[in-house]
Amino acid sequence: MLLKYDLHIHTGLSPCAHKDMTPNNIVRMAHLNQLDTIAITDHNSTKNIEVVMDVAKDYGIKVIPGIEIESKEEIHSLVYFSTLNDVYNMQRIIDNNMKSIKNNAKLFGQQNIYNNKDEVIGIEKKLLLSSINLTINQIYQYTIKLKGAMVFAHIDRPSNSIISNLGMMPHNIKTKTIEVSRYATMDQYKKMYSDYHIIQSSDAHELGYIGICEKFIQIDDNTTAKLVDKLRG
Numbered sequence: 017m018l019l020k021y022d023l024h025i026h027t028g029l030s031p032c033a034h035k036d037m038t039p040n041n042i043v044r045m046a047h048l049n050q051l052d053t054i055a056i057t058d059h060n061s062t063k064n065i066e067v068v069m070d071v072a073k074d075y076g077i078k079v080i081p082g083i084e085i086e087s088k089e090e091i092h093s094l095v096y097f098s099t100l101n102d103v104y105n106m107q108r109i110i111d112n113n114m115k116s117i118k119n120n121a122k123l124f125g126q127q128n129i130y131n132n133k134d135e136v137i138g139i140e141k142k143l144l145l146s147s148i149n150l151t152i153n154q155i156y157q158y159t160i161k162l163k164g165a166m167v168f169a170h171i172d173r174p175s176n177s178i179i180s181n182l183g184m185m186p187h188n189i190k191t192k193t194i195e196v197s198r199y200a201t202m203d204q205y206k207k208m209y210s211d212y213h214i215i216q217s218s219d220a221h222e223l224g225y226i227g228i229c230e231k232f233i234q235i236d237d238n239t240t241a242k243l244v245d246k247l248r249g
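Using the numbering used here, read the sequence shown as starting at 17 and increasing by one per residue.
Okay, here's the thing in structure tokens:
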């Protein structure tokens with residue numbers, strides 16, 4: 017089965033995302049762009065995943081529970097899980113290792129929590145746009161323990177990527193999938209990193225970028241478990 021995907025989407029919970037990145041707007045844009053599968057990957061938080069999953073049911077779109085985590089080395093990785101229970105277990109690990117920095121909404125942006133009518137029902141007070149007190153290897157180990165998949169995010173970017181910050185792919189992290197940004201030439205990175213499966217997603221912080229990469233992935237069935245298995249390798 018060939019599925020059209022976008023596995024890196026932020027909601028208005030991420031301070032750097034536009035505040036029209038609400039559950040219904042995201043799902044409708046995904047539907048408009050004929051996406052089969054999306055992932056919600058807010059910075060260090062899972063608080064809008066369940067509501068997007070609820071909205072997406074009416075459109076037949078699968079939503080993969082995910083998080084974009086910033087490690088102690090300031091490297092961004094995407095972690096994906098098959099169930100809400102697994103991603104919430106990862107959230108508890110993140111919460112136990114988050115820095116206690118209060119968000120300055122005027123400087124960084126408001127961090128909105130929504131209901132299924134796109135109403136703001138809460139504001140996250142702790143700054144999400146910061147590194148946590150775990151190394152990239154520790155994040156990987158926790159992800160694997162919870163049966164998730166870790167993907168190095170936007171490896172082509174000049175900051176917050178595994179290449180920009182470490183200069184190489186670490187040999188002690190056995191991740192099988194890496195992500196390039198929407199600006200990258202995918203064929204170039206397939207040649208450079210032929211040992212990896214490469215995905216390309218939008219990293220959408222505003223509605224117009226959702227599905228812009230128009231990429232497909234081959235899996236046996238459109239379930240969260242099958243896709244996470246594919247990403248894990």
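Each residue gets a CB set at the ideal place from its N, CA and C atoms; glycine is no exception. These numbers were taken from a predicted model, which means no experiment stands behind them.
Which residue comes first and which comes last in the beta strand (DSSP E) that contains His-170? The count along the sequence shown starts at 1 and reaches residue 170 at position 154. Run containing His-170: none; DSSP gives neither H nor E here.
Going by alpha carbons, who is nearest to His-34 out of Asp-236, Gln-234, Asn-128? The residue you call residue 34 lines up with position 18 of the sequence shown. Considering only alpha carbons, the answer is Asn-128.
For the beta strand (DSSP E) holding Ile-235, just list the boundary residues, first then last. On the sequence shown, residue 235 is found 219 positions in, with the first residue counted as 1. That residue, Ile-235, is in no beta strand (DSSP E); it is neither H nor E in DSSP.
Between the Cα of Phe-97 and the Cα atoms of Ser-217, Val-167, Asp-219, Cys-229, which residue gives the shortest distance? Locating residue 97 in the sequence shown gives position 81, where the first residue counts as 1. Considering only alpha carbons, the answer is Val-167.
Range covered by the alpha helix (DSSP H) that runs through Ile-178: One-based indexing of the sequence shown puts residue 178 at position 162. Taken as a continuous stretch (DSSP letters only), the alpha helix (DSSP H) holding Ile-178 covers 178–182.
If Asn-113 and Leu-150 are in contact, beta carbons under 8 Å, what's the gap, nearest whole angstrom? Mapped onto the sequence shown, residue 113 falls at position 97. Mapped onto the sequence shown, residue 150 falls at position 134. Yes, Asn-113 and Leu-150 are in contact; Cβ-Cβ is about 5 Å, under 8 Å.
Run through the stretch 65–95 for me and flag every whole beta strand (DSSP E) of 3 or more residues, listed as ranges in chain order. Runs of the beta strand (DSSP E) lying entirely within the stretch 65–95, each at least 3 residues long, are 78–86 in chain order.
Cβ contact (3+ pairs, closer than 8 Å) linking the stretch 68–81 and the stretch 230–248: yes
Please identify the residue among Leu-29, Ile-214, His-24 whose C-alpha is closest to the C-alpha of Ala-121. Here residue 121 corresponds to residue number 105 of the sequence shown, with the count starting at 1. Among Leu-29, Ile-214, His-24, the Cα nearest to that of Ala-121 is on Leu-29.
Between Leu-223 and Asp-70, which are expected to be in contact by the criterion C-beta below 8 Å, what is the C-beta distance as a whole number of angstroms? Numbered from its first residue, the sequence shown carries residue 223 at position 207. Numbered from its first residue, the sequence shown carries residue 70 at position 54. Their Cβ separation, rounded to whole angstroms, is 19 Å, which puts Leu-223 and Asp-70 out of contact at 8 Å.
Beta-carbon proximity check, Asn-60 vs Leu-144, cutoff 8 Å: By one-based count along the sequence shown, residue 60 stands at place 44. By one-based count along the sequence shown, residue 144 stands at place 128. Taking 8 Å as the Cβ cut-off, Asn-60 and Leu-144 qualify as a contacting pair.
Are Ile-109 and Asn-153 closer than 8 Å when you measure CB to CB? In the sequence shown, the residue the question calls residue 109 occupies position 93. In the sequence shown, the residue the question calls residue 153 occupies position 137. Not closer than 8 Å, so no.
Chain-order list of residues whose beta-carbon lies under 7 Å from that of Tyr-158 (same chain, five-residue window excluded): On the sequence shown, residue 158 is found 142 positions in, with the first residue counted as 1. Within the same chain, Tyr-158 has close Cβ partners Met-106, Ile-109.
State the start and end residues of the unbroken alpha helix (DSSP H) segment that holds Thr-159. As a position in the sequence shown, residue 159 is number 143, starting the count at 1. Thr-159 -> alpha helix (DSSP H) spans 152–161.
Inter-residue Cα distance where the pair is Ile-214 and Gly-125: In the sequence shown, residue 214 corresponds to position 198, counting from 1. In the sequence shown, residue 125 corresponds to position 109, counting from 1. Straight-line Cα distance between these residues: approximately 31 Å.
Under the rule that 16 or more other beta-carbon atoms within 10 Å means buried, what is Cys-229, buried or exposed? Reading the sequence shown from its first residue, position 213 is the one you call residue 229. So Cys-229 ends up on the buried side.
Could you tell me if Asp-203 is buried or exposed, where buried requires 16 or more neighbouring beta carbons within 10 angstroms of its beta carbon? Within the sequence shown, residue 203 is the residue found at index 187, counting from 1. When all chains shown are included, Asp-203 counts as exposed.
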